[in-house]
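For reference, the structure is listed below as structure tokens.
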Amino acid sequence: MDRYAEGMIARGPTFERGGDTATGSVHILDLPDLAAARAFVFDEPNYQAGVYRDVMLRRWRNVLGRTMWDFPGGREGGNRYLVLGLGSGQAVDLVPPTGRDELIAYGPLLSDDGATWLGTALLVRAPDPDAARAVLTLDRYAGIEVHDWEFGGRR
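Have a look at this one:
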């Protein structure tokens, strides 16, 4: 991970709802190209060892223009969520909602060439999963996943 530190936008584990059992991990990076992104994912030692069952690799645009470490709400306090809105067709939610103080990271998921909108991914501090889900336009996605999440990286 150290060699990717400069491009890191956000990272951290996801957990079973309300529990301590890890269900996955999210890494959002600014990398020069698809080859670098694939190397980050598929050369990672835990992936090579078979730790991860599934990996989703998508282009993402950093709409907020900051990293999770710049989030004014800090690393602690409140409930944090990863929200993945998976869609197709006409793009939606390209601009974050007003009152974005609770958004840690936000942006569209895009095809490898960046031309096609595939959904939206965000990290948010919210009172509960329903409030986190409500950041997105609910009826415009094929599915919306909400995962408990916490700031990752070295402590």
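Numbers -8 to 146, taken from our numbering, label the letters of the sequence shown in order.
By construction, the Cβ of each residue, glycine as well, lies at the ideal position given by its N, Cα and C atoms.
These numbers were taken from a predicted model, which means no experiment stands behind them.
Remark: C-beta atoms of ILE135 and GLY76 approach each other more closely than 7 Å. Annotation: the stretch 33 to 70 contains the following complete segments of the alpha helix (DSSP H) (minimum length 4 residues), in chain order: 36 to 39. Linking GLY105 to ARG50 through their CA atoms gives a straight-line distance of about 7 Å. Non-local C-beta neighbours of ARG116 in its own chain, meaning closer than 6 Å and more than five positions away in sequence, comprise GLY64, GLY69, ARG71 and GLU93, ordered along the chain.
One alpha carbon belongs to GLY10, the other to TYR43, and they sit about 20 Å apart.
The count of Cβ pairs closer than 8 Å, one atom from the stretch 76 to 87 and one from the stretch 122 to 139, reaches three, so the stretches are in contact.
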